[in-house]
Every structure is written in structure tokens, then in C-alpha cells.
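Some notes on the structure that comes next.
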Amino acid sequence: MEQEINTQELGEKIVTVLKTIYDPEIPVDIYELGLIYDVMVSTDYDVKILMTLTTPNCPVAESLPMEVEEKVKSLDMVKDCEVEITFDPPWSQDLMSEGAKLELGLL
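One rule links them: number in the working numbering = place in the sequence shown (from 1) + 1170.
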């Protein structure tokens, strides 16, 4: 009998970790910025994260996905993590949370 895994609980832990990662040019975490498009957790505890960057030539284009991958992998329950970068749809300020917009004086 398969053990029921709590993907929602794990999802929340992943979001908590994502909120500790910041875009170096903007004082807001990548989750609040709207850079994370999707977090998928399989029954094997493999995590796939679909994310974007503020610009394709973002200075952290290489290091940011690696940081996401490493921090998510560091969670006890996560077996593996794969980060996929997409620019479809491209990031825009509309994707930011209200808190992020407030922080940056955009509201």
C-alpha cells in the first residue's frame, strides 16, 4: 500500500524556502516577485519548479536557478529538484504580489 504523501505540506515548505531567495537587483524574494510559475511535486518526492527571470540576460541567470535547486533539495522530504526556466509568458510587474508592489513603491 502506498503511503499518502502530503504534497500540500511539502509545497508549503518549498514556498517557504523560495521566499528566502532574492533577486539581487530587487529587494523582494523571487516568490513575491512572481518569478515562480509552478511547483510540481511527484509521488516520489521529486520536485519540478517552473520559473522565469526578470530579464533573459539577468546577471543571475545561471546562479539563481542553481540556488533554487540547492535550497529545495536541502528539504528533508525532497528527493530531487529540477528547475526549468521559461520566458513564456515573459515576466512583468503584473506578476508581483501586492506586498512586493507595495515594497517597491509601485502601488
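Even for Gly, the Cβ is constructed at its ideal location relative to N, Cα and C.
Sequence-distant residues of the same chain with beta carbon closer than 6 Å to residue i, five excluded per side
i, result
"valine 1217", "Val1211, Val1242, Val1248, Cys1251"
"glutamine 1178", "none"
"leucine 1205", "Met1221, Thr1222"
For residue j and residue i, the rounded distance between their alpha carbons
i, j, result
"leucine 1276", "leucine 1220", "26 Å"
"lysine 1271", "threonine 1224", "14 Å"
"isoleucine 1191", "glutamate 1182", "15 Å"
"glutamate 1172", "threonine 1213", "Low confidence applies here, because glutamate 1172 scores a pLDDT of 48, under 50, leaving its location unreliable and the question unanswered by this model."
"glutamate 1273", "aspartate 1193", "14 Å"
First and last residue of the uninterrupted beta strand (DSSP E) at residue i
i, result
"isoleucine 1200", "Premise fails: isoleucine 1200 is in no beta strand (DSSP E) and is neither H nor E."
"leucine 1220", "1216 to 1221"
"methionine 1247", "Unbroken run through methionine 1247: none, as it is neither H nor E."
Unbroken alpha helix (DSSP H) run spanning residue i, endpoints
i, result
"isoleucine 1184", "1177 to 1188"
"leucine 1277", "That residue, leucine 1277, is in no alpha helix (DSSP H); it is neither H nor E in DSSP."
"leucine 1272", "1268 to 1273"
Three-way DSSP call (helix, strand, coil) for residue i in this model
i, result
"glutamate 1232", "coil"
"aspartate 1258", "coil"
"aspartate 1208", "strand"
Nonlocal neighbours in the same chain, by C-beta distance under 8 Å from residue i, ignoring five residues either side
i, result
"phenylalanine 1257", "Thr1222, Leu1223, Pro1226"
8 Å contact criterion, which residue i and residue j should meet: CB distance rounded
i, j, result
"valine 1253", "glutamate 1232", "That belief does not hold up - the Cβ atoms of valine 1253 and glutamate 1232 are roughly 11 Å apart, past 8 Å."
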